Amino acid sequence: MRSVTAVAGAAAVLAGLVTAAGPAAAAAAGTTACSPAIELLPALPGAGGGAVAGFGAGGLVVGDSGDRPAYWTGAEHTVHAVPLPAGFDRGSIKAVSAKGLMVGTATRDADRARVTFTHQKGAATSEALTTPVAEGRAVDIDVNESGRVIAVDNGVAKEWVNGAAVRELPVPADAIPGTKVVSLSGINKRGDIVGTASGSYFDAENDIEVTKTFPVVWPAGGGYPPYSLQVWNGYHSSFSTIGRDIDDRGRVVGLEDYYYRNDPRLTPAVWKKPYDALPTDPGRLAGFGHLEFNGSSPTTNAAVGTATTFEESWPSSFQAVYWPGQGTPKALPFPAGAPGAKPLSRAFAATDDDRVGGSLSDRESGTGSAVVWTCASKQAYVPQS
Numbered sequence: 278m279r280s281v282t283a284v285a286g287a288a289a290v291l292a293g294l295v296t297a298a299g300p301a302a303a304a305a306a307g308t309t310a311c312s313p314a315i316e317l318l319p320a321l322p323g324a325g326g327g328a329v330a331g332f333g334a335g336g337l338v339v340g341d342s343g344d345r346p347a348y349w350t351g352a353e354h355t356v357h358a359v360p361l362p363a364g365f366d367r368g369s370i371k372a373v374s375a376k377g378l379m380v381g382t383a384t385r386d387a388d389r390a391r392v393t394f395t396h397q398k399g400a401a402t403s404e405a406l407t408t409p410v411a412e413g414r415a416v417d418i419d420v421n422e423s424g425r426v427i428a429v430d431n432g433v434a435k436e437w438v439n440g441a442a443v444r445e446l447p448v449p450a451d452a453i454p455g456t457k458v459v460s461l462s463g464i465n466k467r468g469d470i471v472g473t474a475s476g477s478y479f480d481a482e483n484d485i486e487v488t489k490t491f492p493v494v495w496p497a498g499g500g501y502p503p504y505s506l507q508v509w510n511g512y513h514s515s516f517s518t519i520g521r522d523i524d525d526r527g528r529v530v531g532l533e534d535y536y537y538r539n540d541p542r543l544t545p546a547v548w549k550k551p552y553d554a555l556p557t558d559p560g561r562l563a564g565f566g567h568l569e570f571n572g573s574s575p576t577t578n579a580a581v582g583t584a585t586t587f588e589e590s591w592p593s594s595f596q597a598v599y600w601p602g603q604g605t606p607k608a609l610p611f612p613a614g615a616p617g618a619k620p621l622s623r624a625f626a627a628t629d630d631d632r633v634g635g636s637l638s639d640r641e642s643g644t645g646s647a648v649v650w651t652c653a654s655k656q657a658y659v660p661q662s
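Quick note on my numbering: the sequence shown kicks off at 278 and runs consecutively.
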């Protein structure tokens, strides 16, 4: 999970007023009383932009500030730099455990190699966890409340506890030849894991290359075989179906990513236990043709992500999206006076106390901020067009 179950969010700082375009929606079931606000988080000295990727206990928020791993604490969201692993230049914190164990990814500028790392809050250093991989390879990592860490190391999907690898995650028995786990992206409180596997082989009988990229769920503890989640379109390299997060009920959210001849398409996807059916598609945000889910709350059924518009196959606009688990996806508002004439927003993480974390920026100037929406369900709205 990208967030730790927490009590009501901290008071708003640098809070923008909600725009008139964002009428209040009914509060999400199970959330406590809160005050709707849009909190623009302070940046590290000399840094610009940033994003919130996860939440921890006691109001802790994690992410990046100007491509540097960072976290924020207290009601004023005081910003703190996280040291990068030795030899790496840029990075982000992706998640944090209840006891302050942070996990993230880092990039080395010289060769664009990427690595996952861990950092215990308050420590002087960070430690690389996995072998560096070349540019273009998927790199992801997550940690749950109790500190169980998941990532792919040198092509092997692993789970760590207290710094030691405790199990390797197998490829499902029904996978096509050549399948490998390419990323691990979510682990819930119980320890269920979601990731993505991909395989390819040449079918000589039909003279075609067969490729399938699909989500996998590994039940907690390793006592049961993994589930290959069903996909709408398989066996062609134009389609990649990706699992991004898993909540405490086992619901998986993600997307189908299609690209062929400059014709991209992002379709949101939701899978529910017992994982014996095709994913459901909750629809699009009004005015946008594409949507992907990036994260979910642990127990309140919310999912968050980003709606996208493409111009000549290039993404031209982004809007942070909140989906309460049923009905139509909704937009999260920009603050009054949002930077620039063409503001962009994305959402990556959600909590049970109705906070959503993401990023806010301007397409023209590149200026922006890490952002938290409090009482997100009350701020989310259906656009008129």
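Quick reminder that beta carbons are idealized off the backbone N, C-alpha and C, glycines included. Being a predicted model, the structure only gives us computed values, none of them experimental.
Backbone CA spacing between G472 and T395 [nearest angstrom]
Within the sequence shown, numbered from 1, the residue matching residue 472 stands at position 195. Within the sequence shown, numbered from 1, the residue matching residue 395 stands at position 118. Approximately 19 Å between the Cα atoms of the pair.
Through-space distance from P492 to S460, alpha-carbon basis:
As a first step, residue 460 must be located in the sequence shown, where it is residue number 183. As a first step, residue 492 must be located in the sequence shown, where it is residue number 215. Between S460 and P492, the alpha-carbon positions lie close to 10 Å from each other.
To the nearest whole angstrom, what separates the beta carbons of T488 and S514, a pair I think is in contact under 8 Å?
Taking the first residue of the sequence shown as position 1, residue 488 is located at position 211. Taking the first residue of the sequence shown as position 1, residue 514 is located at position 237. The C-beta distance from T488 to S514 rounds to 4 Å, short enough to meet the 8 Å contact threshold.
S654, enclosing alpha helix (DSSP H) - first and last residue
On the sequence shown, residue 654 is found 377 positions in, with the first residue counted as 1. Membership of S654 in the alpha helix (DSSP H) is indicated by the continuous run A653 to Q656.
Under a Cβ-count criterion, where at least 16 other Cβ atoms within 10 Å of its own Cβ denotes burial, should E445 be classed as buried or exposed?
Position 168 of the sequence shown holds residue 445. Looking at its Cβ environment, which holds fewer than 16 other Cβ atoms inside 10 Å, E445 is exposed.
Can we say the region 380 to 397 touches the region 313 to 327, given the rule of at least three CB pairs closer than 8 Å?
No, the region 380 to 397 is not in contact with the region 313 to 327.
Need the endpoints of the beta strand (DSSP E) that A375 sits in, please.
Taking the sequence shown and counting its residues from 1, the one referred to as residue 375 is at position 98. Note, A375: premise wrong, no beta strand (DSSP E); not H, not E.
Cut-off 6 Å between Cβ atoms - residues of its own chain near D451, not counting five sequence neighbours on either side:
Locating residue 451 in the sequence shown gives position 174, counting from the first residue. In its chain, beyond the 5 residues on either side, S505 have a beta carbon closer than 6 Å to the beta carbon of D451.
Near A411, what residues of its chain come up, given a Cβ to Cβ distance below 7 Å and the 5 sequence neighbours on each side ignored?
Counting from one through the sequence shown, the residue named residue 411 turns up at place 134. Within its own chain, the residues whose Cβ lies closer than 7 Å to the Cβ of A411, once the five positions on either side in sequence are excluded, are A390, listed in chain order.
Of all the options R526, Y348 and V420, which has the alpha carbon lying nearest to the alpha carbon of K549?
Position 272 of the sequence shown, counting from 1, holds the residue named residue 549. Ranked by Cα distance from K549, the options R526, Y348 and V420 are led by R526.
For G440 and P559, the rounded distance between their alpha carbons
The residue given as residue 559 occupies position 282 in the sequence shown. The residue given as residue 440 occupies position 163 in the sequence shown. Using only the alpha carbons, I get a separation of about 39 Å.
Burial state of I453 (16 or more Cβ within 10 Å):
Position 176 of the sequence shown, counting from 1, holds the residue named residue 453. When all chains shown are included, I453 counts as buried.
Taking the DSSP output, what are the residues bridged to L568?
Here residue 568 is taken as the residue at index 291 of the sequence shown, counted from 1. BP columns for L568 point to A584.
What residues are listed by DSSP as bridge partners for V426?
Position 149 of the sequence shown, counted from the first residue, corresponds to residue 426. According to DSSP, V426 bridges with V420 and W437.
Per-residue burial, T557 [other beta carbons within 10 Å of its own, 16 or more giving buried]
Counted from its first residue, the sequence shown places residue 557 at position 280. Only exposed fits T557, as fewer than 16 other CB atoms lie within 10 angstroms of its CB.
Would you verify that the beta carbon of N510 is, or is not, closer than 8 Å to some beta carbon of chain B?
In the structure shown, chain B cannot be found, because there is only a single protein chain.
Taking its Cβ as the centre, do 16 or more other Cβ atoms sit within 10 Å of I485, making it buried, or is it exposed?
Indexing the sequence shown from 1 puts residue 485 at position 208. I485 is exposed by the Cβ-count criterion.
Distance, Cα to Cα, A497 vs T408?
Residue numbering aside, residue 497 sits at position 220 when the sequence shown is read from its first letter. Residue numbering aside, residue 408 sits at position 131 when the sequence shown is read from its first letter. For A497 and T408, the distance between alpha carbons rounds to 25 Å.
Check this for me: beta carbons of D344 and R367, under 8 Å apart or not?
Within the sequence shown, the letter at position 67 stands for residue 344. Within the sequence shown, the letter at position 90 stands for residue 367. Yes, the pair counts as a contact, with Cβ atoms nearer than the cut-off.
Just mark P502 as buried or exposed, buried being the case when its beta carbon has 16 or more other beta carbons within 10 Å.
Numbered from its first residue, the sequence shown carries residue 502 at position 225. Answer is exposed; the Cβ neighbour count stays below 16.
Cutting at 6 Å between CB atoms, please list the residues of its own chain near R623, excluding the five before and the five after it.
Residue numbering aside, residue 623 sits at position 346 when the sequence shown is read from its first letter. Beyond the five residues adjoining it in sequence on each side, R623 comes within less than 6 Å, by CB distance, of T583, F595, A597, G635 and S636 in the same chain, given in chain order.
Any contact of the region 474 to 484 with the region 531 to 543, i.e. 3+ C-beta pairs under 8 Å?
Pairwise C-beta distances place the region 474 to 484 out of contact with the region 531 to 543, as fewer than three of them are shorter than 8 Å.
So who's on the other strand from E404, going by DSSP bridges?
The residue you call residue 404 lines up with position 127 of the sequence shown. Its beta-bridge partners are T395.
Residue ranges of each beta strand (DSSP E) within the region 595 to 634, 3 or longer:
Runs of the beta strand (DSSP E) inside the region 595 to 634: 620 to 627.
Cβ contact (3+ pairs, closer than 8 Å) linking the region 650 to 657 and the region 598 to 615
Taking a contact to require three or more Cβ pairs closer than 8 Å, the region 650 to 657 and the region 598 to 615 qualify as touching.
Please determine, among E353, N539, P620 and L543, the residue with the shortest C-alpha to C-alpha distance to T518.
As a position in the sequence shown, residue 518 is number 241, starting the count at 1. Ranking the options by Cα distance to T518, first place goes to L543.
Residue burial classification, K443 (beta-carbon count within 10 angstroms, cutoff 16):
Stepping through the sequence shown from its first residue, residue 443 is reached at position 166. Here the sequence assigns Val to residue 443, which means Lys is not the residue at that position. Exposed is the call here.
According to DSSP, simplified to helix, strand and coil, what is S334?
Residue 334 sits at position 57 when you count from the first residue of the sequence shown. The question names Ser, yet the displayed sequence has Ala at residue 334. When secondary structure is reduced to three states using DSSP, A334 falls in the helix class.
For E641, which of V649, A626, A627 and L621 has the nearest alpha-carbon?
The residue given as residue 641 occupies position 364 in the sequence shown. Of V649, A626, A627 and L621, the residue nearest in Cα terms is L621.
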